[in-house]
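**Q** Mind the numbering: the sequence shown is residues 187 to 383 in my numbering, read in order. Positions of the beta carbon are idealized from the N, C-alpha and C atoms, including for glycine. Please read through the structure below; I'll follow up with questions.
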Amino acid sequence: MELSLETPPKGVYEALRDGLGIRHTYNTLYFDVYSTGLTLTEPHPVYQLTLTSLINGSFLNEAFLVSWRFIVLENDSATAAIEVAVKSSPVEAYVFSRWNVGRYVEGTIEGVSRIETRISNQNMYLRLLQIPSLQLTALWLHGPNNPGGPIDFILPIVSPPAPVEPYLLYTPDTLLSILRPLANDYLDMNDFTEPFG
Numbered sequence: 187m188e189l190s191l192e193t194p195p196k197g198v199y200e201a202l203r204d205g206l207g208i209r210h211t212y213n214t215l216y217f218d219v220y221s222t223g224l225t226l227t228e229p230h231p232v233y234q235l236t237l238t239s240l241i242n243g244s245f246l247n248e249a250f251l252v253s254w255r256f257i258v259l260e261n262d263s264a265t266a267a268i269e270v271a272v273k274s275s276p277v278e279a280y281v282f283s284r285w286n287v288g289r290y291v292e293g294t295i296e297g298v299s300r301i302e303t304r305i306s307n308q309n310m311y312l313r314l315l316q317i318p319s320l321q322l323t324a325l326w327l328h329g330p331n332n333p334g335g336p337i338d339f340i341l342p343i344v345s346p347p348a349p350v351e352p353y354l355l356y357t358p359d360t361l362l363s364i365l366r367p368l369a370n371d372y373l374d375m376n377d378f379t380e381p382f383g
């Protein structure tokens, strides 16, 4: 299987450079950050999904883009992630959002390494899918559009809600059948209020 990355808008790189204080242009896939030996991968998009979308059965069709995520490498090892948020403002469409470290960065790399051994003969786009209310973060493999629609797979990473298994590859329908009852339970317990972000 070949994992591909979708091309981000130019504004994503501009917001990244502004956020890091980097003012000159880079023309390569990897570039030095502050000349410290750190490099950044090309970004992958981050999507979020609400519980309402789960309950209504829309699922991936209702996922919306919230940011572009760069993985920070040091000596070829992932050490952090940087996100550039997508804004609705026409004045500032993209803004440097955050720099984070920890298990979700490591989980992304672990997930990608496992994916490459499980799916063959397909070209897939790498995305990150988050369902904040259920504390679910997963790799979303988005396939090319076919007459019956795109072929997608989802691989939850670190500590997904039970009974979802980490690093198990799910079809959207299978994962939806597991998550929908969890979404209903959450909304029942929280009086139909859902935190976001």
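Count the other CB atoms within 10 Å of the CB of Val287; is the residue buried (16 or more) or exposed (fewer)?
**A** Residue 287 sits at position 101 when you count from the first residue of the sequence shown. Looking at its Cβ environment, which holds fewer than 16 other Cβ atoms inside 10 Å, Val287 is exposed.
**Q** What three-state label does DSSP hand Pro342 in the structure shown?
**A** Here residue 342 is taken as the residue at index 156 of the sequence shown, counted from 1. Pro342: strand per DSSP, three-state reduction.
**Q** With H, G and I counted as helix, E and B as strand and the rest as coil, what does DSSP make of Leu139?
**A** Absent from the structure is residue 139, since the part of the chain shown begins at 187 and ends at 383.
**Q** Is the segment 236-247 close to the segment 261-277, with three or more CB pairs under 8 Å?
**A** The segment 236-247 is not in contact with the segment 261-277.
**Q** Could you check where the alpha helix (DSSP H) with Ile364 kicks off and where it finishes?
**A** The count along the sequence shown starts at 1 and reaches residue 364 at position 178. It spans 358-375 - the alpha helix (DSSP H) in which Ile364 sits, taken as one unbroken run.
**Q** Could you please give me the residues that DSSP links to Thr323 through a beta bridge?
**A** Residue 323 sits at position 137 when you count from the first residue of the sequence shown. In the DSSP output, where bridge partners are listed per residue, Thr323 has Gln316.
**Q** Using the C-alpha atoms, what's the distance from Leu362 back to Asp371?
**A** Taking the sequence shown and counting its residues from 1, one reaches residue 371 at position 185. Taking the sequence shown and counting its residues from 1, one reaches residue 362 at position 176. Straight-line Cα distance between these residues: approximately 14 Å.
**Q** Which of helix, strand or coil does DSSP assign to Val270?
**A** By 1-based counting over the sequence shown, the position of residue 270 is 84. Strand, per DSSP.
**Q** Just the C-alpha distance for Asp359 and Asn309, rounded to the nearest angstrom, thanks.
**A** Residue numbering aside, residue 359 sits at position 173 when the sequence shown is read from its first letter. Residue numbering aside, residue 309 sits at position 123 when the sequence shown is read from its first letter. When rounded, the distance between both Cα atoms is 20 Å.
**Q** Phe250: buried (16+ other C-beta within 10 angstroms of its C-beta) or exposed?
**A** Position 64 of the sequence shown holds residue 250. Phe250 comes out exposed.
**Q** Let me confirm a value: Arg313 is counted as buried when at least 16 other C-beta atoms fall within 10 Å, else exposed. Which label applies?
**A** By 1-based counting over the sequence shown, the position of residue 313 is 127. Answer is buried; the Cβ neighbour count reaches 16.
**Q** So, for Leu259: in the same chain, excluding its five sequence neighbours on each side, which residues have a beta-carbon less than 8 Å away from its beta-carbon?
**A** The residue labelled residue 259 in the question sits at position 73 within the sequence shown. Within the same chain, Leu259 has close Cβ partners Tyr216, Leu224, Thr225, Leu226, Thr227, Thr265.
**Q** Where Val344 and Thr357 are concerned, what is the direct C-alpha to C-alpha distance, given to the nearest angstrom?
**A** Sequence index remark: in the sequence shown, residue 344 carries index 158 (1-based). Sequence index remark: in the sequence shown, residue 357 carries index 171 (1-based). Rounded to whole angstroms, Val344 to Thr357 spans 18 Å at the Cα level.
**Q** Gly145: which of Leu325, Ile317, Asp204, Pro195 sits nearest, CA to CA?
**A** The structure shown has nothing for residue 145, since the chain only spans 187 to 383.
**Q** Given this structure, state the Cα-to-Cα distance separating Ser319 from Thr236, to the nearest angstrom.
**A** In the sequence shown, counting from the first residue as 1, residue 319 sits at position 133. In the sequence shown, counting from the first residue as 1, residue 236 sits at position 50. Answer to the nearest angstrom: the Cα atoms are 8 Å apart.
**Q** Asp218 by DSSP, collapsed to three states: which one?
**A** Counted from its first residue, the sequence shown places residue 218 at position 32. At Asp218 the pLDDT is 48, less than 50, meaning the model places this residue with poor confidence; the figure from the coordinates comes in the next sentence. DSSP places Asp218 in strand when its eight states are reduced to three.
**Q** Under 7 Å, do Arg203 and His230 count as touching if we go by C-beta distance?
**A** Locating residue 203 in the sequence shown gives position 17, where the first residue counts as 1. Locating residue 230 in the sequence shown gives position 44, where the first residue counts as 1. Their beta carbons are not under 7 Å apart, which means Arg203 does not touch His230 by this criterion.
**Q** Can you tell me which of the three DSSP states Ile141 falls into?
**A** The requested residue 141 is not part of the displayed model; the chain covers only 187 to 383.
**Q** Give the C-beta separation of Thr294 and Ile257 to the nearest angstrom, bearing in mind that I take them to be a contact with Cβ-Cβ under 8 Å.
**A** Your numbering for residue 294 matches position 108 in the sequence shown. Your numbering for residue 257 matches position 71 in the sequence shown. Confirmed, Cβ separation roughly 7 Å.
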